[in-house]
Amino acid sequence: MEAAPGKWIIDGTLGGGGHSEMFLKAGARVTGIDRDPEALAHAGARLAAYGDRFSTWQGNFRDLLEIPEIREGGKADGLLLDLGVSSRQLDSAERGFSFMRDGPLDMRMGPGSPRTAAQIVNEWDEADLVRILFEFGEEPKSRRIASAIVREREKRPFTTTLELAACIEKAVGGKRGKTHPATRAFQAIRMAVNEELESLAKALDAAHQVLRPGGRLLVITFHSLEDRMVKRFLRHRSSRFVDDPGWPEPRPNPDFQFELLTRKAIQPSASECNLNPRARSAKLRVARLLDTPA
188 MEAAPGKWII DGTLGGGGHS EMFLKAGARV TGIDRDPEAL AHAGARLAAY GDRFSTWQGN
248 FRDLLEIPEI REGGKADGLL LDLGVSSRQL DSAERGFSFM RDGPLDMRMG PGSPRTAAQI
308 VNEWDEADLV RILFEFGEEP KSRRIASAIV REREKRPFTT TLELAACIEK AVGGKRGKTH
368 PATRAFQAIR MAVNEELESL AKALDAAHQV LRPGGRLLVI TFHSLEDRMV KRFLRHRSSR
428 FVDDPGWPEP RPNPDFQFEL LTRKAIQPSA SECNLNPRAR SAKLRVARLL DTPA
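Its first residue numbered 188, the sequence shown is counted upward by one per residue in my numbering.
Encoded structure:
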């Protein structure tokens, strides 16, 4: 990120405030965004010692252009998007994200999310359940799981995370491996609840309007769908020319805006994964906004 005094960085996914704290320690000014009021309160208290160099804005990172300073014409030196659910949310049983702790079927990252996990599980058609489990969770047993959910909810609606996890585990069958059989399904439902892919697409499209020339975009993903979306976006936006089999020659790319600073995603080392097992699937991609984008 090259955080330093005089630079303004937007932490688009504030969470517990760990990344923001690193930028603040380097001397930068930081605006932390989160749709979760609990996260904003926690991080605000944690980073209060940095005074007016740290501020927060409650909202979804899909709405970057609505940040007051951006609306007034300001441009950031850096934008970080650390995708997925935060550790604080995952460890809080009452938020309903975890299949290891009993809690209500909620999974909303913030009060503005359009629906809860309970609504999806208990009200959506079987075909729609199959679709999100397969598309968002890349779950090979999506049909079997969706069918089991529909059968069970006819007896009584699902109300807790452990009820749903037990249903999925029974539907999948077999012995547990290192990964809980409900992992992919819970991930898919959470992504549907919070419209995560739609939010990511809008945030990426807005990045060049938020950053100053030379500003850096950092995106951390934990899910192959998200990583592919980021990879495709950056590959296209960093290509000077585009080609098509029907064209006589390549043409200038009107979306040429970024320079890739990492050709491949940066992944955690084995020692980092040992210290923080949740980092094992993380991928970081980095790009710089061109001084004179197309």
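Idealized CB from N, CA, C, for every residue including glycine. For clarity, every value in this text was computed on a predicted model and none was experimentally measured.
Exercise. Who are the near neighbours of THR366 in its chain, counting only those whose CB is closer than 7 Å to its CB and skipping five residues on each side?
Worked result: So no residue of the chain qualifies.
Problem set entry | Close-in-space but distant-in-sequence residues of the same chain around CYS460 (CB under 8 Å, 5 per side omitted) | These residues qualify, in order along the chain: ALA466 and ARG467.
For this session: Helix, strand or coil for ILE453, going by three-state DSSP, please let me know.
Result: DSSP, reduced to helix, strand and coil, places ILE453 within a strand of the structure shown.
Problem set entry | For HIS206, the nearest candidate out of ARG222, CYS354, GLY193 and ARG233 (CA to CA) | Selected option, being the one with the closest Cα: ARG233.
Exercise. Considering only residues of the same chain and omitting the five flanking positions on each side of VAL321, which have a CB-CB separation below 7 Å?
Worked result: The question names Val, but residue 321 is Phe in the sequence shown. So the list reads SER329, once near-sequence residues are dropped.
For this session: Check whether the Cβ atoms of GLN396 and LEU270 lie closer than 8 Å to each other.
Result: Cβ atoms of GLN396 and LEU270: not closer than 8 Å.
Problem set entry | Expected contact under 8 Å - CB spacing of ILE196 and MET188 to nearest Å | About 6 Å; that satisfies the 8 Å criterion.
For this session: Return helix, strand or coil for GLY205, following the three-state DSSP convention.
Result: In the displayed model, GLY205 falls within a helix according to three-state DSSP.
For this session: Just tell me which of ARG424, ASP392 and ALA388 has its CA closest to the CA of LEU448.
Result: Among ARG424, ASP392 and ALA388, the Cα nearest to that of LEU448 is on ARG424.
For this session: Taking only the alpha-carbon atoms, compute the straight-line gap between LEU201 and ILE254 and give it to the nearest angstrom.
Result: C-alpha of LEU201 to C-alpha of ILE254: approximately 14 Å in a straight line.
Exercise. Straight-line CA distance for GLU208 to GLY401?
Worked result: When rounded, the distance between both Cα atoms is 22 Å.
Exercise. ALA369: which of PRO327, PHE248, LYS451 and LEU462 sits nearest, CA to CA?
Worked result: Of the listed residues, the one whose Cα sits closest to ALA369 is PRO327.
Exercise. In the region 334-378, which residue ranges form an unbroken alpha helix (DSSP H) of at least 4 residues, counting only runs that do not cross its ends?
Worked result: Counting only runs that start and end inside the region 334-378, the alpha helix (DSSP H) elements of at least 4 residues fall at 348-359.
Exercise. Do ARG258 and VAL380 come within 8 Å of each other at the CB atom, strictly closer than that value?
Worked result: Contact annotation: VAL380 and ARG258 have beta-carbon atoms that are not nearer than 8 Å.
Exercise. Roughly how many angstroms lie between the CA atoms of ALA474 and VAL406, to the nearest whole one?
Worked result: Here the alpha carbon of ALA474 sits roughly 9 Å from the alpha carbon of VAL406.
Problem set entry | Three-pair Cβ contact test at 8 Å for the region 427-443 versus the region 384-392 | Two segments are said to touch when three or more pairs of C-beta atoms, one from each, lie closer than 8 Å; by this definition the region 427-443 does not touch the region 384-392.
Exercise. Buried or exposed: where does GLU339 fall if 16 or more other Cβ atoms within 10 Å of its Cβ makes it buried?
Worked result: Burial call: buried.
Exercise. Quick one: what's ARG472 bridged to in DSSP?
Worked result: Paired residue(s): VAL406.
Problem set entry | Pick from GLY238, GLY324, ASN309 and ILE376 that is closest to GLY346, judged by C-alpha positions | Residue identity check: residue 346 is Thr in the sequence provided, not Gly. Here the closest residue by C-alpha is ASN309.
Exercise. Expressed to the nearest angstrom, what Euclidean distance is found between the alpha-carbon atoms of ARG302 and MET378?
Worked result: Straight-line Cα distance between these residues: approximately 11 Å.
For this session: Put ALA263 into one of helix, strand or coil per three-state DSSP.
Result: Reduced to three states, the DSSP call for ALA263 is strand.
Problem set entry | Anticipated Cβ contact below 8 Å, LEU398 with LEU476, distance rounded | 5 Å between Cβ atoms; contact.
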